[in-house]
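Working notes for the structure below.
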Amino acid sequence: MNSSAMLGTMSLTDVLADVAAERARQDARWGEQNHPDGTGADYTLSEVPELDVRFARTRCDRAFERGAGSWEHILYEEFCEAMAEDDPARLRAELLQLAAVAVHWMEAIDARQAPAAQP
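For the record, in the sequence shown the residue sitting at position 119 is 107 according to our numbering, with numbers rising by one throughout.
Structural data, given as structure tokens:
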């Protein structure tokens, strides 16, 4: 985590820098990664009904309707939507949404940890 994060003043740029640094650590540890997507028809949703897109959307909607919605609900829904995609362009779009929610969640965590502004 960079020095801005330690001070509780994490910006979007700082969060994205942390993501880039983590990717560099992954590359250093694992090398080049070339795996199949494993989504859409290859993703055996029938074996894990909780990973079904409709289930995830309903779960998220109901949580927010009763005032209990959380970042986890949103990220979970985005994950399930990505896992359901066969088309590479649509999969990429869903992964972008998933990443954006994860980054936003990180920003929210950092904002909660930021010291209160002095009058």
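Quick reminder that beta carbons are idealized off the backbone N, C-alpha and C, glycines included.
Proximity winner among the options, relative to residue i (alpha-carbon distances)
{"i": "E60", "options": "D74, A44 and E73", "result": "A44"}
{"i": "P24", "options": "Q14, M94, D75 and D15", "result": "D75"}
{"i": "L63", "options": "A88, R11 and G55", "result": "A88"}
Residue i in three-state terms, based on DSSP
{"i": "E73", "result": "coil"}
{"i": "P37", "result": "helix"}
{"i": "A102", "result": "coil"}
{"i": "M94", "result": "helix"}
{"i": "T27", "result": "coil"}
{"i": "V7", "result": "helix"}
{"i": "A81", "result": "helix"}
{"i": "R54", "result": "coil"}
{"i": "S(-1)", "result": "coil"}
Exposure of residue i, with buried meaning 16 or more beta-carbon neighbours within 10 Å
{"i": "V36", "result": "exposed"}
{"i": "D49", "result": "exposed"}
{"i": "E38", "result": "exposed"}
{"i": "E20", "result": "exposed"}
Element boundaries [alpha helix (DSSP H), containing residue i]
{"i": "Q21", "result": "That residue, Q21, is in no alpha helix (DSSP H); it is neither H nor E in DSSP."}
Own chain partners of residue i with C-beta closer than 7 Å, once the 5 adjacent residues on each side are dropped
{"i": "A70", "result": "T27, L79, E82, L83 and L86"}
{"i": "L(-5)", "result": "Residue placement at L(-5) is poorly supported in this model, since its pLDDT is 44, which falls under 50; the coordinates still yield a value, given next. Closer than 7 Å at the Cβ level, and outside the excluded window around L(-5), lies no residue."}
Neighbourhood of residue i by C-beta distance below 8 Å, restricted to the same chain and skipping five residues each side
{"i": "A90", "result": "L63"}
{"i": "E53", "result": "none"}
Residues of its chain near residue i, where Cβ-Cβ distance is below 6 Å and the 5 sequence neighbours each way are ignored
{"i": "G57", "result": "A51"}
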